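Those protein sequence lines, which keep their order, are chains E and Y. Take the position in the first sequence, starting the count at 1, then add 86; the result is the number in the numbering used here. Take the position in the second sequence, starting the count at 1, then add 2; the result is the number in the numbering used here. Think of the CB as a built atom: it goes at the ideal place given N, C-alpha and C, for glycine as much as any other residue. Remember, it's a predicted structure, so these values are computed and weren't measured experimentally. Structure record follows, encoded as structure tokens.
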Amino acid sequence: MSESPEEVRDHIKLYWKIGIALLVLTVVTVAVSYIEFAVPMAILVALIIAGTKGSLVASYFMHLIGERKSIYWALLLTVFFFLVLIIIPILGHTDTYGVHKTMPNANAPAAEAHD
Amino acid sequence: MEIPYVVDERADTGLTNVKLGIWLFLASEVMLFGGLFSTYILLRINAIEWPFGADILSVPIGAFNTVVLILSSVTMVLCYAALKLDDFSGYKRYMGMTVGLAVLFLVVKSYEYYDKFSHGDVPAVSTYLAIYFTLTGLHALHIVGGVIVNGYFLGPGSKLWHANRQQFINRIEAAGLYWHFVDLVWIFLFPVLYLL
Chain E
87 MSESPEEVRD HIKLYWKIGI ALLVLTVVTV AVSYIEFAVP MAILVALIIA GTKGSLVASY
147 FMHLIGERKS IYWALLLTVF FFLVLIIIPI LGHTDTYGVH KTMPNANAPA AEAHD
Chain Y
3 MEIPYVVDER ADTGLTNVKL GIWLFLASEV MLFGGLFSTY ILLRINAIEW PFGADILSVP
63 IGAFNTVVLI LSSVTMVLCY AALKLDDFSG YKRYMGMTVG LAVLFLVVKS YEYYDKFSHG
123 DVPAVSTYLA IYFTLTGLHA LHIVGGVIVN GYFLGPGSKL WHANRQQFIN RIEAAGLYWH
183 FVDLVWIFLF PVLYLL
């Protein structure tokens with residue numbers, strides 16, 4: 087895909103705008119963390135902001151906008167398996183409601199975790 | 003043996019082998035980090051207590067490193083754009099900045115690790131610290147890989163520009179895709195480990 091010098095210069099302006107947006111969103115991420123949300127809400131808000139930042143990087147810096155379809159298909163498959171990976175522990179957790187937790191305390195020394 | 007389709011696009015995929023190869027590699031990287039994020043979720047949702055990241059780690063330092071990586075992503079995409087404008091000195095300048103920012107990230111990360119280790123906060127202390135060191139350590143290794151690759155393209159690898167410009171641009175595009183991916187991973191690691 088060859089672009090004219092004018093198009094490349096327009097892209098450069100866009101890259102700077104995206105960079106500034108990413109920096110602003112980083113400030114927002116930190117600022118929002120000082121608001122006392124319940125943990126599930128805090129996770130949701132943080133992931134929404136991180137997802138927005140990630141989308142900007144993938145779409146513009148990685149040029150996914152306007153990429154070939156073969157890349158989209160490969161990535162769609164990747165996203166599917168990534169979600170499977172993420173969902174597996176959550177599904178496992180839902181099976182243990184009311185059951186004594188055997189996982190170690192995050193603050194506990196590792197040696198005690200095996201007791 | 004010469005690798006085919008490093009300059010021209012294949013008719014069936016519409017892509018150069020360089021670009022297809024780097025995207026498939028990044029897909030495998032998504033699964034690598036995905037497995038560790040999955041482990042993080044498993045540990046966290048099954049833990050009776052989970053520490054607040056900001057109580058253990060320094061948010062200003064983490065935020066500073068986030069800014070450093072974002073700026074390095076901007077300079078990386080600018081060095082690719084400079085090549086498209088036939089501006090080789092601009093490319094060198096921006097690639098130099100990218101490598102410099104990556105080294106700065108590693109210096110700051112090393113300081114964070116040193117601070118943790120000197121206070122006895124090693125991976126064996128808790129599952130939180132274990133997953134923190136695993137995720138950030140693997141990410142730091144990726145940064146080191148990026149420094150090596152980008153450093154090569156800044157130095158000896160840049161000779162290709164004079165021999166085959168389009169092939170060099172394709173290589174820088176692939177290196178850029180990798181670098182932006184490393185930035186993208188940190189964009190998720192920072193809030194997950196430092197702020198939640």
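Residues near Y/Asn67 by beta carbon distance below 6 Å, same chain, minus five either side: Phe107, Val110
Give the range of the alpha helix (DSSP H) segment to which Y/Asn67 is assigned. 61–86
Is any non-hydrogen atom of the ligand ATP found closer than 6 Å to the C-beta of Y/Arg12, if you look at the structure I gave you? For the ligand ATP, the structure offers nothing, since it holds no ligand at all.
Chain Y within 7 Å of E/Gly152, Cβ atoms only: no
Beta-carbon of Y/Val20 versus every beta-carbon of chain E: anything under 7 Å? no
Three or more beta-carbon pairs under 8 Å between the stretch 153–162 of chain E and the stretch 25–32 of chain Y, yes or no? yes
E/Lys173: buried (16+ other C-beta within 10 angstroms of its C-beta) or exposed? A quick correction: the sequence has Ile, not Lys, at residue 173 of chain E. Classification for E/Ile173: exposed.
Hey, how far is the Cα of Y/Thr15 from the Cα of Y/Glu175? 17 Å
Below 6 Å CB to CB, which residues in the same chain sit around E/Glu198 once its five sequence neighbours on both sides are set aside? With a pLDDT of only 49 at E/Glu198, under 50, the local geometry of the prediction cannot be trusted, and the value read off the model is given with reservation. Correct list: empty, nothing qualifies.
Tell me where the alpha helix (DSSP H) around E/Gly140 begins and ends. 125–142
With a threshold of 7 Å between beta carbons, is E/Ala117 in contact with chain Y? no
Interface residues of the stretch 117–130 of chain Y facing chain E [CB-CB below 9 Å]: Pro125, Ala126, Val127, Ser128, Thr129, Tyr130
Determine, using beta-carbon pairs with one atom in the stretch 70–80 of chain Y and one in the stretch 120–140 of chain Y, whether at least three such pairs fall under 8 Å. no
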